[in-house]
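*Asks:*
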Amino acid sequence: MPPKADLEPAVPTGPETAAAPAAAPTEGRRRPRAGRRRIRRLTTRDRLVITVLLGLPLLFTFVLVWATTLASIGLSFTNWDGIGSAKFIGVDNYKELFTNYPPFATAIWHNLLWLGFLAVVATPLGLLLAVLLDRKIRFGRFYQSAIYLPVVLSLAVIGFISQLIFARDDGILNTLLGTTGPGGHPVDWIGNPHINIWVVLLMAGWRHSGYVMVLYLAGLKGVDPSLKEAAAIDGANARQTFFRVVFPVMRPVNIIVGVITVIEALRAFDIVYAINGGTNGLELLSVLITDNIIGEASRIGFGSAIAVVLLLISVGCIVAYCMTELREEKS
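Residue numbers (the numbering used here): 2 to 332.
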């Protein structure tokens, strides 16, 4: 059996003993330095790429959006035909617009009617279609594609399709109704100012509902299934689960849909201009702007005043809607 002294670890003595404690803190300080990540500085090429990717979109946005908006606001206080020098006339354009321009009130009413129809009819219809397609019904992909197809088409093309369907003498609808031909009394769906606005709203709503359907369908896919299961356990039926659980969860989608609805209603131009030039019962603010700026009169200052009014209505509706939604979310 080895002696007891051989079993015990050897303890260093002499200068090595004094040097050991001093080396330990030094090693402890070096380890964090070795583990630190070096911050890589951007190279000249990286800065150039970032400048191009961020600078060009910001430049185009400023030139095409903000610069033109500010120019329209400035021109609305002038009398300018686009050739000579602009003459500052103050608020005379706005006075004439509200007191001595009958088409303006009609266009305001039509734009508000357009907004109400899309908000009350087309948007709920798109939501209903999204809910039905979210249940994974048979041929759901086909229905989804068919309903979304009008969104791919521009409003100008839909205007031409409207002419084919609702034309007075050779339209598809009057042919199916049997009102064409000798002795018939065809309905003038497009020429009658009391009817044509509803025909156009129907076609615009057909396109808008498909757009809303896709947005809400994406929102429904993102809802946590456990929320529906919890509501079912608590005894809620399908209608209560949707309106009290699912629909409030999709608040961000609701805000997007609301803003898009306002924009679609107030920027409407293509479909009415393709049907009859935006006249005879289809007057809109966008049509009045176009007629005054690039029409025969070339009243750029007056047309800019109408554009400013349209801008204020658009911004007011969007801000009011967003503030209402955000206030409800905080409460």
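All C-beta atoms, glycine included, are put in the ideal place defined by N, C-alpha and C. Quantities reported herein were computed from a predicted structural model and do not represent experimental measurements.
If you compare alpha carbons, which of Arg300, Ala147, His111 is closest to glycine 85?
*Replies:* When each option's Cα is compared against that of glycine 85, the closest is Arg300.
*Asks:* With C-beta atoms as the reference, is aspartate 271 less than 9 Å away from leucine 156?
*Replies:* Yes, these two residues count as a Cβ contact at 9 Å.
*Asks:* Which partner residues of asparagine 80 appear in the DSSP bridge assignment?
*Replies:* Asparagine 80 is bridged to Lys88.
*Asks:* Isoleucine 295 to alanine 106, Cα distance in whole Å?
*Replies:* Roughly 21 Å separates the two Cα atoms.
*Asks:* Relative to the C-alpha of isoleucine 191, which candidate in Ile276, Lys222, Pro249 has its C-alpha closest?
*Replies:* The shortest C-alpha separation from isoleucine 191 is found at Ile276.
*Asks:* Aspartate 292 lies in the alpha helix (DSSP H); which residues open and close that run?
*Replies:* 286-295 is the extent of the alpha helix (DSSP H) around aspartate 292.
*Asks:* As a quick exercise: from Ser305, Arg328, Met324, Glu329, pick the residue whose alpha carbon is nearest that of serine 77.
*Replies:* Of Ser305, Arg328, Met324, Glu329, the residue nearest in Cα terms is Ser305.
*Asks:* Could you give the distance in angstroms between the alpha-carbon of glutamate 297 and the alpha-carbon of tryptophan 81?
*Replies:* About 13 Å.
*Asks:* How would you write the range of the alpha helix (DSSP H) that valine 132 sits in, first residue to last?
*Replies:* That run of the alpha helix (DSSP H) goes 124-134.
*Asks:* Could you tell me whether the Cβ atoms of isoleucine 198 and glycine 282 are closer together than 9 Å?
*Replies:* Yes, the Cβ-Cβ distance between isoleucine 198 and glycine 282 is below 9 Å.
*Asks:* Between which two residues does the alpha helix (DSSP H) carrying threonine 62 extend?
*Replies:* Segment 45-62, the alpha helix (DSSP H) holding threonine 62.
*Asks:* So arginine 245 and alanine 233 are in contact, right, with Cβ under 8 Å, and what is the actual spacing, rounded?
*Replies:* Wrong, their Cβ atoms sit about 12 Å apart, outside the cutoff.
*Asks:* Taking the Cβ atom as the reference point for each residue, do alanine 131 and isoleucine 159 lie within a distance shorter than 9 Å?
*Replies:* For alanine 131 and isoleucine 159, no; Cβs fall outside 9 Å.
*Asks:* For alanine 24, I'd like the list of residues in its chain whose CB is within less than 7 Å of its CB, leaving aside the five on either flank, ordered along the chain.
*Replies:* Residue placement at alanine 24 cannot be trusted, given a pLDDT of 48 that sits under 50; the coordinates are not used to answer.
*Asks:* To which residues of the same chain is phenylalanine 161 closer than 8 Å at the C-beta, ignoring the five residues directly before and after it?
*Replies:* If we look at phenylalanine 161 and ignore the five residues flanking it on each side, its Cβ neighbours are Ala275.
*Asks:* Leaving out five residues on either side along the sequence, give the residues of the same chain with a beta carbon under 6 Å from the beta carbon of aspartate 171.
*Replies:* Within the same chain, aspartate 171 has no close Cβ partners at all.
*Asks:* Where alanine 269 and alanine 321 are concerned, what is the direct C-alpha to C-alpha distance, given to the nearest angstrom?
*Replies:* Straight-line Cα distance between these residues: approximately 20 Å.
*Asks:* Assuming leucine 267 and asparagine 112 form a contact by the criterion Cβ under 8 Å, report the distance between their Cβ atoms to the nearest whole angstrom.
*Replies:* About 6 Å separates the two Cβ atoms, so the contact holds.
*Asks:* Using 10 angstroms around the beta-carbon of phenylalanine 143, count the other beta-carbons present and answer buried if the total reaches 16, otherwise exposed.
*Replies:* Phenylalanine 143 is exposed by the Cβ-count criterion.
*Asks:* Compute the beta-carbon to beta-carbon distance between glycine 211 and valine 152, rounded to the nearest angstrom, for a pair I have assumed lies under 8 Å.
*Replies:* Yes, they are in contact, since the Cβ atoms of glycine 211 and valine 152 sit about 5 Å apart, within 8 Å.
*Asks:* So, for glutamate 1: in the same chain, excluding its five sequence neighbours on each side, which residues have a beta-carbon less than 8 Å away from its beta-carbon?
*Replies:* For the chain, the structure presents residues 2 to 332; residue 1 sits outside this window and is missing.
*Asks:* Measure the Cβ-Cβ separation of leucine 126 and valine 213 and say whether it is below 9 Å.
*Replies:* Taking 9 Å as the Cβ cut-off, leucine 126 and valine 213 qualify as a contacting pair.
*Asks:* If you compare alpha carbons, which of Phe61, Thr70, Thr325, Ile138 is closest to arginine 252?
*Replies:* For arginine 252, the nearest C-alpha among the options comes from Thr325.
*Asks:* Determine whether the beta carbon atoms of isoleucine 319 and valine 260 lie at a separation below 9 Å.
*Replies:* It is a contact, given that the beta carbons lie within the stated cut-off.
*Asks:* For a quick check, are the C-beta atoms of glutamine 145 and valine 215 less than 9 Å apart?
*Replies:* Cβ atoms of glutamine 145 and valine 215: closer than 9 Å.
*Asks:* Just to confirm before moving on: does the CB-CB distance between valine 390 and threonine 124 stay below 9 Å?
*Replies:* Residue 390 lies beyond the residue range present for the chain, which begins at 2 and ends at 332; the question has no answer from this structure.
*Asks:* If distances are taken between C-alpha atoms only, which option among Val250, His186, Ala219 comes closest to lysine 229?
*Replies:* The shortest Cα separation from lysine 229 among Val250, His186, Ala219 belongs to Val250.
*Asks:* If we call anything under 9 Å between Cβ atoms a contact, is valine 310 one with tyrosine 95?
*Replies:* Yes, they are a contact pair.
*Asks:* Taking the alpha carbon of phenylalanine 89 as the point to measure from, which residue in Ile74, Val66, Thr181 has its own alpha carbon closest?
*Replies:* Per the Cα distances, Ile74.
*Asks:* Who are the near neighbours of leucine 116 in its chain, counting only those whose CB is closer than 6 Å to its CB and skipping five residues on each side?
*Replies:* Correct list, in chain order: Ala266.
*Asks:* Just the Cα atoms here: how many angstroms apart are alanine 231 and lysine 137?
*Replies:* Each residue's Cα considered, the two are about 21 Å apart.
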